[in-house]
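**Q** Residue numbers (the numbering used here): 3 to 333.
So, in structure tokens, the structure goes:
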């Protein structure tokens, strides 16, 4: 009998609690509907937009960032105006645009196409930089307010291939890159190094080896003019040939000009360092990466600004999403 009483009491209590819960839920739903009826349509739209913008910002800042290719330096891997998504999580995203990074899953590796801060970029201040990055991310790279005096976007970020890693040495010979990897005793061509390392990436050249005597001659003429000295006859002839080439290798041209100036004035410290670097190559320090463009004769890259610290690498190129006929993975 006592058992039946306890059972009936439990049943009454269960029914009462269930009814109370259903009533509370009905009241809450009714209040929510009333609030929606009273809500301003414009404020509702603004709230929805802000939530969507917040989601886009979080995704761009910490997971995937949209980026537009500014130049043809990575042709044909990436073309000018291609739009890509960059994986920011893999190397660790920035906490706030332009601020400290959080640790990633791993460090950048050789042969990866990565995006990094342009060493030559001059910031307009943290407030402007955050605003520019927010607008750039919200519009999926469609709008960039950071422009120069000619109305062109300033390249705050660059996307190149990680070719050289810490403790490697690199040098140029007639425009061709030669590599002395850590632990090796002899210089090797870039193609030979790719075979040895078991990697493959394209290197597009405009110039042939036969074009370089003309470039050297043109550089000699330029150096002699800088020094106020009449150039030798062979250099004048090479200068006319250089005009026929039409697109000299600016990096090689400048290094050979500096080398010529050093030979004429061996105690000129302003040229000695660059000329010696041409002869001995670049040394990549630990945690440094030499970034180069696949379009080797038309790329402002590590040959100009030197190695980039791995901490300045923001992400790995993942996919091209626009134009649609170029959709695919970045390799």
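The beta carbon of each residue, even a glycine, is placed where N, CA and C say it ideally should be.
So what does DSSP say about residue 128, is it helix, strand or coil?
**A** Reduced to three states, the DSSP call for residue 128 is helix.
**Q** Out of 200, 191, 213, 255, which has the shortest C-alpha to C-alpha gap to residue 222?
**A** Cα-wise, what sits closest to residue 222 is 255.
**Q** Report, in whole angstroms, the separation of the C-beta atoms of residue 316 and residue 119, which I expect to be a contact under 8 Å.
**A** Rounded, the Cβ-Cβ distance is 7 Å, consistent with contact.
**Q** How would you write the range of the alpha helix (DSSP H) that residue 304 sits in, first residue to last?
**A** 304-307 is the extent of the alpha helix (DSSP H) around residue 304.
**Q** Looking at the structure shown, is residue 63 part of a helix, part of a strand, or coil, going by DSSP?
**A** Residue state, collapsed to three classes: helix.
**Q** Would you report the Cα separation of residue 2 and residue 292, rounded to the nearest angstrom?
**A** Residue 2 falls outside the range modelled here, since the chain spans only 3 to 333, and no answer is possible.
**Q** List the DSSP bridge partners of residue 284.
**A** In the DSSP output, where bridge partners are listed per residue, residue 284 has 172.
**Q** Considering only the alpha carbon of each residue, which of 82, 57, 78, 77 lies closest to residue 69?
**A** 82
**Q** Buried or exposed for residue 185, going by 16 or more other Cβ atoms inside 10 Å?
**A** Here residue 185 is exposed, its C-beta having fewer than 16 other C-beta atoms within 10 Å.
**Q** For residue 324, list the residues DSSP reports as bridge partners.
**A** 85
**Q** On the CB-based measure, 16 or more other CB atoms within 10 Å of its CB, does residue 98 come out buried or exposed?
**A** exposed
**Q** Measure the CB-CB distance between residue 298 and residue 179 and report whether it falls below 9 Å.
**A** yes
**Q** Does the Cβ of residue 301 have 16 or more other Cβ atoms within 10 Å, making it buried, or fewer, making it exposed?
**A** buried
**Q** Considering only residues of the same chain and omitting the five flanking positions on each side of residue 285, which have a CB-CB separation below 7 Å?
**A** 171
**Q** Near residue 314, which residues of its chain fall below 7 Å by C-beta distance, leaving aside the five closest residues on each side in sequence?
**A** Taking C-beta separations shorter than 7 Å and ignoring five residues to either side along the sequence, the partners of residue 314 in its chain run 118, 119, following chain order.
**Q** Please state the DSSP three-state secondary structure of residue 196.
**A** helix
**Q** Do residue 164 and residue 112 have their CB atoms nearer than 9 Å?
**A** The answer is yes: Cβ separation under 9 Å.
**Q** May I ask you to report which of helix, strand or coil DSSP gives residue 149?
**A** Strand, per DSSP.
**Q** Give me the Cα-Cα distance between residue 156 and residue 146, rounded to the nearest whole angstrom.
**A** 9 Å
**Q** How about the segment 58-75 and the segment 132-142: do they share at least three Cβ pairs that are nearer than 8 Å?
**A** yes
**Q** Are residue 189 and residue 173 touching if we call contact CB-CB under 9 Å?
**A** yes
**Q** What are the boundary residues of the beta strand (DSSP E) that residue 116 is part of?
**A** 115-119
**Q** Would you kindly report the start and end of the unbroken alpha helix (DSSP H) that includes residue 291?
**A** Residue 291 -> not in any alpha helix (DSSP H); beta strand (DSSP E) instead, spanning 290-294.
**Q** For residue 69, which residues does DSSP report across the bridge?
**A** Answer is 86.
**Q** Take the Cβ of residue 125 as the centre, count every other Cβ of all protein chains shown within 10 Å, and call the residue buried at 16 or more, exposed below.
**A** exposed
**Q** Check residue 27 in the structure and name its three-state DSSP category.
**A** helix
**Q** Taking the alpha carbon of residue 1 as the reference point, which residue from 115, 148, 121, 122 has its own alpha carbon closest?
**A** This structure cannot speak to residue 1, because the chain is shown only from 3 to 333.
**Q** Is residue 77 helix, strand or coil by DSSP?
**A** coil
**Q** With C-beta atoms as the reference, is residue 58 less than 9 Å away from residue 319?
**A** no
**Q** Using DSSP with H/G/I as helix, E/B as strand and the rest coil, what is residue 103?
**A** strand
**Q** Suppose the cutoff is 6 Å on Cβ atoms and the five residues either side in sequence are ignored; what does the same chain contact list for residue 91 look like?
**A** 65
**Q** Helix, strand or coil, according to DSSP, for residue 219 in the structure here?
**A** helix
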